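Student: Quick one: this structure, given as structure tokens, is what I'll be asking you about.
Number of protein chains: 2
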Amino acid sequence: MSSTPRTPRTAVGGRRHRVREEALAEILRTGRRLLVEEGPGAVTLRAIAREMGMTAPALYRYYAGHRELVQALTSSLYDELADALAAARDRHPAAGPGRQLREVCHELRAWALAHPREFGLLFAKPVADADTTPGTVAHDSGWRFGGVLLGLMVELWRKGGIRPPTGLDPSWAAQLEEVREHLSGAPVPLDVIYVFVACWTRLYGTVAVEVFGHLDFALTDPEPLFTHTVDEILAALGEPR
Amino acid sequence: MSSTPRTPRTAVGGRRHRVREEALAEILRTGRRLLVEEGPGAVTLRAIAREMGMTAPALYRYYAGHRELVQALTSSLYDELADALAAARDRHPAAGPGRQLREVCHELRAWALAHPREFGLLFAKPVADADTTPGTVAHDSGWRFGGVLLGLMVELWRKGGIRPPTGLDPSWAAQLEEVREHLSGAPVPLDVIYVFVACWTRLYGTVAVEVFGHLDFALTDPEPLFTHTVDEILAALGEPR
DNA sequence: TTAACGAGTTAACGGCGTTAACTTTCAGGC
DNA sequence: GCCTGAAAGTTAACGCCGTTAACTCGTTAA
Chain G
1 MSSTPRTPRT AVGGRRHRVR EEALAEILRT GRRLLVEEGP GAVTLRAIAR EMGMTAPALY
61 RYYAGHRELV QALTSSLYDE LADALAAARD RHPAAGPGRQ LREVCHELRA WALAHPREFG
121 LLFAKPVADA DTTPGTVAHD SGWRFGGVLL GLMVELWRKG GIRPPTGLDP SWAAQLEEVR
181 EHLSGAPVPL DVIYVFVACW TRLYGTVAVE VFGHLDFALT DPEPLFTHTV DEILAALGEP
241 R
Chain U
1 MSSTPRTPRT AVGGRRHRVR EEALAEILRT GRRLLVEEGP GAVTLRAIAR EMGMTAPALY
61 RYYAGHRELV QALTSSLYDE LADALAAARD RHPAAGPGRQ LREVCHELRA WALAHPREFG
121 LLFAKPVADA DTTPGTVAHD SGWRFGGVLL GLMVELWRKG GIRPPTGLDP SWAAQLEEVR
181 EHLSGAPVPL DVIYVFVACW TRLYGTVAVE VFGHLDFALT DPEPLFTHTV DEILAALGEP
241 R
């Protein structure tokens, strides 16, 4: 049995620690380049090591295996997407949550179209395919990403424009606690969260169906459809065009 | 160079032809079982051959390679899904296209939840990942599947309930010809096709986001959300609840 | 009857993830 | 200032994968 620790105890200030951080960053950089230039199938331990002038087993000093490396790459991409969305949100800080959410939606589509392979890695697969254990880092980064959308939706709810559908059987939504935990203490009612999820579903579907090419058969330019969908989403959140 | 023809010329009535057809069917059956029981990564030439008591190179008598085999599996799954949707459509033939489309939407979700791995193979990946050449059999089977939805939408359009959004810039939709070809001569206007695509996008997104587990964080039972979404889709097609 | 062909085999190549056993380099305590 | 131990990296190997080449065997059709 190998006695190598997963995360070696390098002094945080020391040189060794700095070199290790840079190696970790280069691994993710290389993996992403392979993902972008040659597709998800090319993100391979041996290929990454080759590009870095190393051999594959050396990567086990940094990640427990191929799956963990891809997981780390996924997390970093979630973070980057979250940053892009946050930047779009803060582009016009005084414009109000409606306008800001509109910007964020379009930024999501723009990011997906500019980085289709990355978007595919994040969203084009079952989040739990009997492999990825829940509660991982990817899960947290996913929350960072979704939090940008949720935060603006909460602001819109505070403005009072949301009219949740009446008569909804509240037989669902028991895990509200986790959502509320990530909403940092906003007592959002259940039916409003329902609206949030409905809007998120719609946004995701619109972007995914376009990026994954399932729309090529019908539309040459899906942009008007997207803008129209965002209009309807914002109308559902009490912010008509 | 190997001189083996891709599709040997076996007499269509003869015994040899029958045996070959059964072998082709068994390959797909085995591939699907591996997909369902062990995930997409287990659909392997060697594994399929092993299960069938053969060796991997023998499969090259039936498919040009791994990609073509998976493609054939994809097509057969599209066909099965199309059959399921058509059956749901014909369950209540006299109920009118609105009720029928409602049934079909719920059947789509039911099929996806009952066969998540298959659904993932069909929809959880870029349709053109620099590999799959367009115009293949999968493309045709995909049309068979989408045709069930499109057909009912056309019927709804004939009923006259659709109010397409006004003032849409028609800068999109040049490939209407291909859509019309598969609509078998129904002169559907552009803005109505726009409504079709918007509804299809919404339906796909709702099902996909649930099946791929991107909703687990918020909802324990997404069924009410789905029913509500179908209601809105049908309202957009002129068939309020 | 015989020649062609379909179906299947074995052997091999290169690439993959992963493990084991080894060497080298370097940081920190005596 | 040396020494020890851990971190970083190596080579070799195992079993998987897709794919190709060269071969055998049985059936079919002329």
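Residue numbers (UniProt numbering), protein chains in the order written: chain G, 1 to 241; chain U, 1 to 241. Built from N, CA and C at the ideal position, the CB exists for glycine as well. This structure is a prediction, so every number in the text was calculated from the model and none was measured.
1) Short check: CB of R32(U) to CB of E118(U), under 9 Å?
2) Quick one: does T201(U) have its CB under 9 Å from some CB of chain G?
3) Got a sec: is the Cβ-Cβ distance from H92(G) to anything in chain U below 9 Å?
4) Give the DSSP-derived three-state secondary structure of V192(G) in the structure shown.
5) Less than 9 Å separating the beta-carbons of V207(G) and L108(G)?
6) What did DSSP end up calling R16(G) once you bin it into helix, strand or coil?
7) Are L69(U) and L81(U) touching if we call contact CB-CB under 9 Å?
8) Using the beta-carbon of each residue, which ones in chain U are nearer than 8 Å to L215(G)?
9) Among the residues of its own chain, which have a CB less than 8 Å from the CB of P222(U), if the five just before and after it don't count?
10) If you follow the alpha helix (DSSP H) that R241(U) is part of, which residue opens it and which one closes it?
11) If you measure between the beta carbons of L73(U) and L24(U), is that distance less than 9 Å?
12) If the criterion is Cβ atoms closer than 9 Å, does the pair P97(U) and E232(U) meet it?
13) Taking only runs that begin and end inside the region 85 to 167 of chain G, name each unbroken alpha helix (DSSP H) of 4 or more residues, in chain order.
14) If the cut is a Cβ gap below 9 Å, which residues of chain U does Y60(G) touch?
15) Would you report the Cα separation of R61(U) and R50(G), rounded to the nearest angstrom?
16) In whole angstroms, what separates the C-alpha of F123(U) from that of L121(G)?
17) Have a look at E22(U), G13(U), V104(U) and G160(U) and flag the residue whose alpha-carbon is nearest the alpha-carbon of L150(U).
18) So for V43(U), helix, strand or coil by DSSP?
19) Could you have a look at D221(U) and say whether DSSP puts it in helix, strand or coil?
20) Under 9 Å between C-beta atoms, does P97(G) make it to chain U?
21) According to the neighbour-count rule (16 or more other Cβ atoms, all chains shown, within 10 Å of its Cβ), is P134(G) buried or exposed?
22) Give the straight-line distance between the Cα atoms of G53(G) and E37(G), rounded to the nearest whole angstrom.
23) Would H115(G) be called buried (16 or more neighbouring beta carbons within 10 Å of its own) or exposed?
24) Would you please state the rounded distance, in angstroms, between the beta carbons of G205(U) and G205(G)? I believe it to be under 8 Å.
25) Listing by chain order, which chain G residues have their CB less than 7 Å from the CB of L190(U)?
26) Under 9 Å, Cβ to Cβ, is there at least one residue of chain G near G147(U)?
27) Using a Cβ-Cβ distance under 9 Å, would I48(U) count as near chain G?
28) Between V230(G) and chain U, is there a C-beta pair that is closer than 9 Å?
29) Below 8 Å on C-beta distance, what does P165(G) contact in chain U?
30) Could you tell me which chain G residues have their CB closer than 8 Å to the CB of V154(U), listed as they occur along the chain?
31) Let me know the secondary structure DSSP gives A49(G) once reduced to three states.
32) Can you give the Cα-Cα distance for L219(U) and L225(U), rounded to whole angstroms?
33) Going by CA-CA distance only, name the one from Q71(U), F145(U), A186(U) and S141(U) that's closest to L156(U).
34) Kindly indicate which residue of R163(G), P164(G), I162(G) and H182(G) has the alpha-carbon position closest to the one of G142(G).
35) Within this structure, are the beta carbons of A86(G) and V154(G) separated by less than 9 Å?
36) Is it true that the CB of R91(U) sits closer than 9 Å to the CB of L234(U)?
Tutor: This is what the structure holds:
1) yes
2) yes
3) no
4) In the three-state reduction of the DSSP assignment, V192(G) falls in the helix class, which pools H, G and I.
5) yes
6) helix
7) no
8) L215(G) reaches chain U at V197 and T201, counting residues in chain order whose Cβ is nearer than 8 Å.
9) E210 and L215
10) Premise fails: R241(U) is in no alpha helix (DSSP H) and is neither H nor E.
11) no
12) No, these two residues do not count as a Cβ contact at 9 Å.
13) 96 to 114, 116 to 123 and 137 to 159
14) Here the premise fails: no neighbours, minimum Cβ distance about 21 Å.
15) 36 Å
16) F123(U) and L121(G): Cα-Cα distance of roughly 14 Å.
17) V104(U)
18) coil
19) coil
20) no
21) Its pLDDT being 48, under 50, P134(G) is placed unreliably by the model, and the measurement read from it follows with that caveat. So P134(G) counts as exposed.
22) 19 Å
23) buried
24) 1 Å
25) Those do not exist, as L190(U) stays about 11 Å from chain G at its closest Cβ, beyond 7 Å.
26) no
27) no
28) no
29) Ordered by position in chain U, the residues that pass the 8 Å Cβ test against P165(G) are H228.
30) Chain G residues near V154(U): none, gap ~14 Å exceeds 8 Å.
31) Look at A49(G) here: in three-state DSSP terms it is helix.
32) 9 Å
33) Of the listed residues, the one whose Cα sits closest to L156(U) is A186(U).
34) Nearest of R163(G), P164(G), I162(G) and H182(G) to G142(G), Cα basis: H182(G).
35) no
36) no
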